[in-house]
Amino acid sequence: MKVPRLCNLTGSTEIPPAQNLILPDFGPHGIPAARHRLLRAAWLRNSCRTGEMFTVASVERQCRFPGMTHRHDIAEIEKDRDRVCRAILEALPDWFGIPEALENYVRDVKTMAVLGCRRDGRIVGMVALHPTSEATLDMHVIGVLRPYHGQGIGRALVEAAAERARADGMSLLSVKTLGPSHPDPHYAATRAFYLSVGFLPVEEFKDLWSEENPCLLMIKPLG
Ligand SMILES: CC(C)(COP(=O)(O)OP(=O)(O)OC[C@H]1O[C@@H](n2cnc3c(N)ncnc32)[C@H](O)[C@@H]1OP(=O)(O)O)[C@@H](O)C(=O)NCCC(=O)NCCS
Numbered sequence: 396m397k398v399p400r401l402c403n404l405t406g407s408t409e410i411p412p413a414q415n416l417i418l419p420d421f422g423p424h425g426i427p428a429a430r431h432r433l434l435r436a437a438w439l440r441n442s443c444r445t446g447e448m449f450t451v452a453s454v455e456r457q458c459r460f461p462g463m464t465h466r467h468d469i470a471e472i473e474k475d476r477d478r479v480c481r482a483i484l485e486a487l488p489d490w491f492g493i494p495e496a497l498e499n500y501v502r503d504v505k506t507m508a509v510l511g512c513r514r515d516g517r518i519v520g521m522v523a524l525h526p527t528s529e530a531t532l533d534m535h536v537i538g539v540l541r542p543y544h545g546q547g548i549g550r551a552l553v554e555a556a557a558e559r560a561r562a563d564g565m566s567l568l569s570v571k572t573l574g575p576s577h578p579d580p581h582y583a584a585t586r587a588f589y590l591s592v593g594f595l596p597v598e599e600f601k602d603l604w605s606e607e608n609p610c611l612l613m614i615k616p617l618g
């Protein structure tokens, strides 16, 4: 089923008053009326608060996991950053299967700011941050445990990183990932995630990491 992206009446990026918000009609093959009302209520609640536009999929996720999209428990990890990083990256071998690279991340996060998302009494996602220029905060490594994928945690970590960068007077978030000339399907999904959360591809560097691992630099401008 093809569903339209949600939008507001004015197309404005400013937070519109509730009465100006509409949910497009999904048509006869769309969502049943009761579900439509539920989605609309969830969307209104969150859009009014944040001004953010939601896709149907992400609003539906809120209905399945009520209130989660904006209530992820994200905080800076003060202690044992290397241990947390190791636990998450080792659980993601499809992305972090090169032992030397994993050890480098574990070493690097000891000196970086690390934001973690806590759920079910443990940290299930993390992002490590370091400034690479006065204007740019780099997301050195990000990972969410697999059972928690697709629940908005990655997006919330990026938003928290963006907030932090803005608070420090920075205007860009950056990230480096495996480039599109490499056929790996897992990293294709990762690039789709980065695009979804507002990163734009800048350039693929064929020999920054190694010939076998082309590096794509992506940038997210912070409004
Ligand atoms: C990449 C990762 C951090 C994303 O975290 P997540 O919590 O699963 O992502 P979210 O649920 O917040 O998704 C945010 C958006 O990205 C999109 N997205 C997420 N995973 C996607 C996928 N596999 N394919 C296409 N789009 C995807 C979602 O559709 C969502 O968009 P929407 O809100 O408009 O619907 C997580 O999947 C992960 O840990 N991957 C393995 C490690 C990794 O790739 N690290 C980066 C190495 S450079």
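No gaps in the numbering here: position 52 of the sequence shown is 447 in our numbering, and each next residue is one more.
Note that CB positions come from ideal geometry on N, CA and C, so glycine has one too.
Residue environment analysis places ARG478 among the exposed positions, since fewer than 16 neighbouring C-beta atoms fall within 10 angstroms of its C-beta. Residue side-chain check: ARG586 keeps its Cβ at 6 Å or more from all non-hydrogen atoms of ligand 1. A direct Cα-to-Cα measurement between ARG550 and PRO580 gives close to 20 Å.
The shortest CA-to-CA distance from MET507 to any of VAL536, GLN546, MET565 and LEU487 is the one to VAL536.
In this structure, HIS525 keeps its C-beta atom at 7 Å or more from the C-beta atom of ASP515. Beta-bridge pairing by DSSP links MET534 to LEU524 and VAL570. For the options LEU497, LEU590 and CYS610, the alpha carbon positioned closest to that of GLU598 is the one of CYS610. For the options ILE483, ILE614 and ALA562, the alpha carbon positioned closest to that of VAL522 is the one of ILE483. Annotated three-state conformation of GLU485 is helix, per DSSP. Annotation for ILE493 indicates a beta carbon at 6 Å or more from all heavy atoms of ligand 1. Here the C-alpha atom of SER605 lies approximately 18 Å from the C-alpha atom of ASP489. GLY618 counts as exposed, since fewer than 16 other beta carbons sit within 10 angstroms of its beta carbon. When the Cα atoms are used, TYR589 and ASP475 turn out to be separated by approximately 27 Å. Judged by their CB atoms, VAL519 and CYS512 are nearer to each other than the 7 Å cut-off.
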